[in-house]
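Residues in the sequence shown are numbered from 440 upward in steps of one, following our numbering.
The structure appears below as structure tokens.
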Amino acid sequence: MKTLFNPAGSIRRRLLWLLLIGAAVLSGLLYLSVSTVARSAVETTQDSILGAATIAIAEQLRGADDGVEVDIPYTAFSMLGAVGEDRVFYRILVNGETVTGYDDLPLPDTTPAGLTPRYYSHPYQDMMVRIAAVERPVLVSSRSVAVQVLVAQTRTAQDAIVGQMANRAAALGLGFFGVAAVLAVVTARSVVQPVNSLAEAMGRRGPQDLRPVTRPVPQELTPLVAALNGFISRLSGALTRTETFIAEAAHHIRTPLATLRAQAELALRQTDDDATRATLRGVIRSVDDSARSASQLLEHAAVVYRSDQRADDRIDLAALARDIGQSFGPTADLRDLTLAVHTPDSPVWLTADRLLVETALRNLVDNAIKYSNPDGQVSIDVDQSATHASVRVSDRGRGLDGARRSHLTARFQRGGNVGDVVGTGLGLTIVQEVARAQNGSFTLSDRTGGGTCAELSLPL
Ligand SMILES: Nc1ncnc2c1ncn2[C@@H]1O[C@H](COP(=O)(O)OP(=O)(O)OP(=O)(O)O)[C@@H](O)[C@H]1O
Ligand SMILES: [Mg+2]
């Protein structure tokens with residue numbers, strides 16, 4: 440019953456219960472009506488046989504001068520005997536006085552009207568008997584006397600037949616219920632099938648699949664699908680606006696900052712006043728800081744946006760690491776660092792969003808270079824296991840100074856070891872976000888012998 444009223448319960452189970460209850464009620468009614476009809480049909484048949492036997496006896500009554508002549512015909516009893524092992528009793532009364540038969544056989548409540556038998560049931564000799572009574576006038580010495588004939592019969596045979604019929608009706612009801620139950624299961628399944636297949640189709644979609652649902656659905660599901668399509672179109676509109684905003688913001692922030700920096704540099708070259716030159720250097724440093732912050736903020740926004748819209752690219756992690764190593768070459772040279780990339784000879788294929796992995800890697804290499812001492816060494820190592828590919832970026836720099844990874848990966852958190860190194864504290868937040876979006880893991884640890892080792896591991 441709980442299934443029927445639980446709003447979060449399964450529709451299929453609810454439907455199945457309702458259909459089964461309906462089938463059970465109908466089967467019960469079928470059993471009752473079949474057994475009732477059968478019982479009354481058997482009763483009517485038995486009554487007519489009993490009545491016919493009674494009339495046959497009554498018709499053999501003859502009037503004589505000294506009384507009524509009773510000649511019970513053999514056929515009357517053979518008719519009744521044909522029905523079974525039942526016992527038969529009779530009683531014949533002339534003018535209300537028993538002349539032959541069982542004189543305690545119960546009389547009818549009202550006098551029967553002629554040869555139309557009156558039927559009634561009555562207990563007799565510890566049994567239930569069915570009695571038919573008729574009355575007919577007979578001429579005795581030219582006077583009409585009323586003769587009543589009563590024939591009674593036990594109903595063992597009839598009860599046996601009725602019992603048999605009831606058993607058949609029960610079997611019929613059960614059979615009907617069985618067929619209805621099978622049909623109920625089929626019906627419930629077929630009714631719920633469109634809902635299941637719609638849910639399955641939606642579940643199979645990738646996270647970036649925002650096409651409207653166009654598959655044909657039953658009329659009842661049309662409002663739901665229309666609402667779903669409305670929601671999808673609003674969501675994809677919002678996502679497009681976010682993407683446009685990120686791209687436009689990047690452009691509108693970077694361009695004026697670059698112009699400002701160029702002009703400050705120009706002014707720096709044109710002036711000889713020391714105080715002005717110091718101020719302009721300060722301006723240039725602040726512009727660099729702002730540009731860095733803006734680009735990290737936008738990169739973080741882009742990563743968060745893409746974590747939901749993840750593309751499944753097939754990327755070679757080894758080639759990607761080599762490309763990044765190459766692009767950081769000039770920066771490493773400027774700081775007199777050796778940047779070495781070690782990858783397996785064969786490609787390391789994995790399915791992931793290229794832009795996300797690239798952004799994470801760039802931030803790790805950027806940190807390793809930023810926090811290294813001049814003449815230090817930075818190495819990028821790519822490895823592959825049966826299920827994962829990993830890239831390890833290690834340096835011989837200042838180390839983490841005891842700071843915990845969970846603290847450093849929080850937004851805008853920088854370590855106590857940064858000194859005068861510029862930064863916003865978003866780099867590791869981005870790496871952590873990428874690891875989460877790609878179902879990978881990120882670890883950061885101090886190296887024995889000094890320096891830091893950051894490792895990003897991604898499933899193949
Ligand atoms: N290779 C490393 N060596 C030493 N400390 C590191 C290293 N990488 C990260 N850290 C510490 O972790 C902190 C957080 O790093 P994260 O990259 O998030 O920020 P950031 O480098 O300070 O700023 P940015 O957002 O510009 O990258 C750093 O401020 C630094 O203290
Ligand atoms: Mg950083």
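Built from N, CA and C at the ideal position, the CB exists for glycine as well.
- Label Y810 either buried or exposed according to how many other C-beta atoms from any shown protein chain fall within 10 Å of its C-beta, with 16 as the threshold for buried. Y810 is classed as buried because its beta carbon has at least 16 other beta carbons within 10 Å across all chains shown.
- Query: For Y744, which of helix, strand or coil comes out of DSSP?
  - Reply: DSSP places Y744 in the helix class (H, G or I) of the three-state scheme.
- Check each candidate in E659, A874, F881, S833 and name the one with the smallest Cα separation from G889. For the residues E659, A874, F881, S833, the minimum Cα distance to G889 belongs to S833.
- Of all the options S581, L546, G612, which has the alpha carbon lying nearest to the alpha carbon of A591? Measuring C-alpha to C-alpha distances from A591 to each of S581, L546, G612 identifies L546 as the nearest.
- Could I get the ranges of all uninterrupted beta strand (DSSP E) runs contained in the segment 545-627, with 3 residues as the minimum, in chain order? Runs of the beta strand (DSSP E) inside the segment 545-627: 557-563, 566-579, 582-593.
- Task: May I ask which residues mark the beginning and end of the beta strand (DSSP E) holding T891?
- Result: DSSP places T891 inside the beta strand (DSSP E), whose first and last residues are 891-898.
- Query: From V830 to L800, what distance separates their C-alpha atoms?
  - Reply: Rounded to the nearest whole angstrom, the C-alpha separation of V830 and L800 is 8 Å.
- Message: Within a Cβ cutoff of 7 Å, which residues of the same chain sit near A495, ignoring the five residues on either side of it in sequence?
- Response: Excluding sequence positions up to five before and after A495, its CB lies within less than 7 Å of the CB of P512, T514, A515, all in the same chain and listed in chain order.
- Message: Give me, in chain order, the residues of the same chain whose beta-carbon lies closer than 7 Å to that of T770; leave out the 5 immediate sequence neighbours on both sides.
- Response: Taken in chain order, the residues that qualify are I808.
- Message: Comparing C-alpha positions only, which one of G676, V625, R530, Q632 sits nearest to L660?
- Response: Ranking the options by Cα distance to L660, first place goes to Q632.
- Give the secondary structure of L883 by DSSP, where H, G and I count as helix, E and B as strand, and everything else as coil. Strand.
- Indicate, with yes or no, if ligand 1 has a heavy atom lying under 7 Å from the CB of N812. For N812, the shortest C-beta to heavy atom distance toward ligand 1 is 7 Å or greater.
- How far does the alpha helix (DSSP H) with D525 in it reach, from first residue to last? Membership of D525 in any alpha helix (DSSP H) is not indicated, and neither H nor E is assigned to it by DSSP.
- Do three or more CB pairs link the segment 745-752 to the segment 779-793 at distances below 8 Å? Yes: at least three Cβ pairs fall under 8 Å.
- Item | Burial state of E872 (16 or more Cβ within 10 Å) | Counting the other CB atoms within 10 Å of its CB gives E872 a total of 16 or more, which places it among the buried residues.
- Any non-hydrogen atom of ligand 1 closer than 7 Å to D805 Cβ: D805 Cβ: within cutoff of ligand 1.
- Task: Tell me whether I819 sits in a helix, a strand or coil according to DSSP, three-state version.
- Result: DSSP places I819 in strand when its eight states are reduced to three.
- Message: Contact defined as beta carbons within less than 8 Å: I believe E574 pairs with G553. What is the distance between those atoms, to the nearest angstrom?
- Response: Contact holds; Cβ gap of about 7 Å.
- Should V527 be flagged as near chain C, meaning a C-beta pair shorter than 8 Å? Of the chains in the structure shown, none is chain C; there is only one protein chain.
- Reducing DSSP to helix, strand and coil, say where V652 ends up. Three-state result, V652: coil.
- Task: Report yes if the CB atom of Q594 is closer than 8 Å to the CB atom of D525, and no otherwise.
- Result: Position check: residue 594 holds Arg in this sequence, whereas Gln was assumed. Yes. Within cutoff.
- Cβ distance (whole Å) where H902 is taken to contact P898 below 8 Å: No answer is possible for residue 902: the residues shown for the chain start at 440 and end at 899.
- Is the segment 485-499 touching the segment 616-635, taking contact as three or more C-beta pairs under 8 Å? Touching, no.
- Message: In this structure, how does DSSP classify I754 when only helix, strand and coil are distinguished?
- Response: If DSSP states are grouped into helix, strand and coil, I754 belongs with the strands.
- Message: On the DSSP letters alone, give me the boundaries of the beta strand (DSSP E) that D834 sits inside.
- Response: Residues 827-834.
- Query: At a cut-off of 7 Å, is N802 close to ligand 2 when judged by its beta-carbon and the heavy atoms of the ligand?
  - Reply: Taken from the Cβ of N802, at least one heavy atom of ligand 2 lies inside 7 Å.
- Query: For ligand 2, is there a heavy atom less than 7 Å away from the beta-carbon of G888?
  - Reply: No, Cβ of G888 sits at least 7 Å from all heavy atoms of ligand 2.
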